[in-house]
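The next block holds one structure in the form of structure tokens; read it before the comments.
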Amino acid sequence: MAPNGQAVSYEGNGESKKPSFMSINSEELRKHDKVGDLWISIEGKVYDVTDWLTKHPGGENALKSLAGQDVTDAFLAFHPGTAWSLLPQFQIGVLTDYEVSPIQADYRKLLTDLKRAGLYKNPLHVYGQYLAVMIPMFVLCVLGVVYSPGFWIHIGCGVLMGFFWIQAGFMGHDIAHSGMFKTGIDKYLKLSIGCFTGIGMQWWRNNHNAHHYSCNCVDYDPDIQYMPLFAITPKFFASLYSNFYERKMDFDAAARFLVSYQHYTFYIVMALARINLYAQTLIVAFTRKMPFSTRAWELGALAFYWSWFSLLLSCLPNNYHRLAFVLSAFATTGIQHVQFVLNHFSSPVYEGRPESKTWFESQVRGSLNISSSPWTDWFHGGLNFQIDHHVFPTLPRHNLRKVAPFVKPLCDKYDLPYESVSWWEANLRVLRTLKAAAMEARDISKPAPSLSKSLIWEAANAREQSRATVDCNVKAKESRDLEHVAKRTTVAGELTRARRPRQRDGCQSGRDSRARRHEAVALKTEVAICGRVDTRTRTTKRKVRPLQSRFRKARARQETDVSLDVAIR
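Letter by letter, the sequence shown follows residues 1 to 569 of full-length UniProt numbering.
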């Protein structure tokens, strides 16, 4: 029996027996895409991984997002060669309509060439260089806190701690992706990162791998699901369901208010984003299912972190210094959080389940590189080559710059955008993206959210609603004034035309001149009212009153002339 109770028949006799797998097409494969019934295909072979879901080293969400389809490219990109030996026990069939597109063939060939060139090797001396920078930063921070009473020294120590956390996070990212020793010890190295950062690798594994498998998918990618704080596209206004968090992302009144000003709050939120990482780490460590040994190691690492960090804070002279130290450290790590979103916030997004057939294409379209010099690679932690990192996620970061010249021609061949912009341009793109979505969220003409009666939302939009009301009133008054002017002009014209046959020839030219003058005055009044009325209340009163006075004077002169004509007749 194969996993999940699928029967497998055998052909031949005795030792020559070979399993005869059932034939499965892509349409049938797509039906098995749920928890409890999860199939995938790799290089034309179909595997039932239902029972493997909770044991998958890359987390459950990686399999959930690509369930029911061929996952060959993703499997090749993320797994070492040893993973192939685990597959036969899960095979239940053969994919009858398995095909390889030209772009898939070229991608797989490039991947094979890079491995043969030795670019996937991870020399330990590179991490020795990183540690040579990190350890002095940590030591200087501790010495400054313990031996100096100066307020500004303590702020500087907070900055050093922030940069230490950034580099420790990058090292954890490298170990989790590509490994350092390529042995079982890497697992404990990953868990040990929490001793120095306070960020659990179990949470990071689930979150980050889900992001890689479903890059910029509004339904599956947790790295763009920041409701109610941010919405990078109006697609989130439909209160989408998050397949990662397994809940609905409500676009209610509070979310609408926060999103409306997200381009102003962006950097403030990034400066405090580390608080969310601490919270997510603790939630996963205490609530998520995991082996006992893994949970014990994770909680032990977190306990060690909070012990030494609390002890370090206790060495500061008072709470003002402690607050300054923590805020400066958090604000510094905000640089890293900005780096995370620069690579994806301004890139195209899509809805629906990620498609493995277009996996390479979606990784390229959903990512953005940052143009930089080689000496700044340590600062960016490899995130400056985000496109290359996403298509080759287990490639060591110090080799990403070497691989970029091979990835760009492949993108050009298939008309894919291999974009690389400066740090400042990337920031501007993110702000433009956030502002565009914020303006959409502010549009009060669109249907109100489910909690539209919220006092927060009504107070925030009272001014806009008041202006809209004033605009309507002013436009109505303009319409009435124009109708009145048109009516008076028409009457004056009719009177003039009616009396022309009865006037003497000698007085005709003078009276025609007066009639034309009356019509000109009426026309000027009409133009003045149309052209100078402002939609703001105070300006309207200032400008309309003199025009009304001129209109009354012109009207009085017109009536006087008409009366004179009647008297003459």
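In this text, a Cβ means the ideal position worked out from N, Cα and C, and glycines have one as well.
Since the model is a prediction, treat every value here as computed from it, not as a measurement.
Three-state secondary structure assigned by DSSP to residue i
i, result
"Tyr350", "strand"
"Asp70", "strand"
"Ser314", "helix"
"Ile193", "coil"
"Cys141", "helix"
"Ile456", "Here Ile456 scores only 39 on pLDDT, less than 50, and its place in the model should not be relied on; the value that follows carries that caveat. Three-state DSSP puts Ile456 in a helix."
"Asp186", "helix"
"Ile232", "coil"
"Met171", "helix"
"residue 644", "Outside the displayed span of the chain (1 to 569) sits residue 644, for which this structure offers no information."
"Ser101", "coil"
"Arg288", "coil"
"Asp252", "coil"
"Thr358", "helix"
"Gly198", "coil"
"Gly58", "coil"
"Gly150", "coil"
"Gly179", "coil"
"Trp375", "helix"
"Gln225", "coil"
"Asn25", "coil"
"Ala448", "Because the pLDDT at Ala448 is just 44, under 50, the model does not fix this residue reliably, and the point stays unresolved."
In DSSP terms, what residue i is bridged to
i, result
"Tyr47", "Ile40, Gln91"
"Arg247", "Ser242"
"Ile283", "In the DSSP output, where bridge partners are listed per residue, Ile283 has none listed."
"Ile370", "Val421"
"Cys217", "Tyr350"
Rounded straight-line distance, which links the Cα of residue j to that of residue i
i, j, result
"Val139", "Ala117", "39 Å"
"residue 571", "Val146", "Nothing about residue 571 can be read from this structure; the chain reaches only from 1 to 569."
"Gly198", "Trp204", "12 Å"
"Ser373", "Thr96", "49 Å"
"Ala273", "Phe257", "19 Å"
"Asn319", "Ala271", "20 Å"
"Lys408", "Ile92", "38 Å"
"Ile456", "Ala253", "Low confidence applies here, because Ile456 scores a pLDDT of 39, under 50, leaving its location unreliable; read the following figure in that light. So the alpha carbons of these two residues sit roughly 8 Å apart."
"Arg247", "Ala296", "28 Å"
"Trp39", "Tyr264", "45 Å"
"Ser20", "Val94", "9 Å"
"Val391", "Arg365", "11 Å"
"Ile193", "Lys121", "22 Å"
"Tyr261", "Pro234", "14 Å"
"Arg429", "Phe340", "14 Å"
"Ile42", "Ala438", "42 Å"
"His208", "Asp221", "9 Å"
"Cys215", "Ser242", "14 Å"
"Ala238", "Ala303", "41 Å"
"Gly36", "Ala132", "48 Å"
"Pro417", "Gly352", "22 Å"
"Ile275", "Leu282", "11 Å"
"Val338", "Tyr278", "17 Å"
"Lys435", "Leu29", "42 Å"
"Pro393", "Ser178", "8 Å"
"Val284", "Thr54", "15 Å"
"Asp113", "Val100", "18 Å"
Residue i beta carbon near the ligand FAD (any heavy atom closer than 6 Å)
i, result
"Val269", "This structure does not include the ligand FAD; it has no bound ligands of any sort."
Cβ-based burial, residue i [other Cβ within 10 Å; buried from 16]
i, result
"Lys190", "buried"
"Glu60", "buried"
"Asp174", "buried"
"Ala77", "buried"
"Trp165", "buried"
"His344", "buried"
"Ser310", "exposed"
"Gln69", "buried"
"Trp306", "exposed"
"Tyr188", "exposed"
"Phe286", "exposed"
"Cys507", "Caution applies to Cys507, whose pLDDT of 48 falls short of 50 and renders its modelled position unreliable; the value that the coordinates give is listed next. Per the 10 Å Cβ criterion, exposed."
"Tyr245", "exposed"
"residue 571", "No answer is possible for residue 571: it lies beyond the span of the chain, which begins at 1 and ends at 569."
"Phe266", "buried"
"Glu361", "buried"
"Asp48", "buried"
"residue 615", "Residue 615 lies beyond the stretch modelled for the chain, which goes from 1 to 569, so this question has no answer here."
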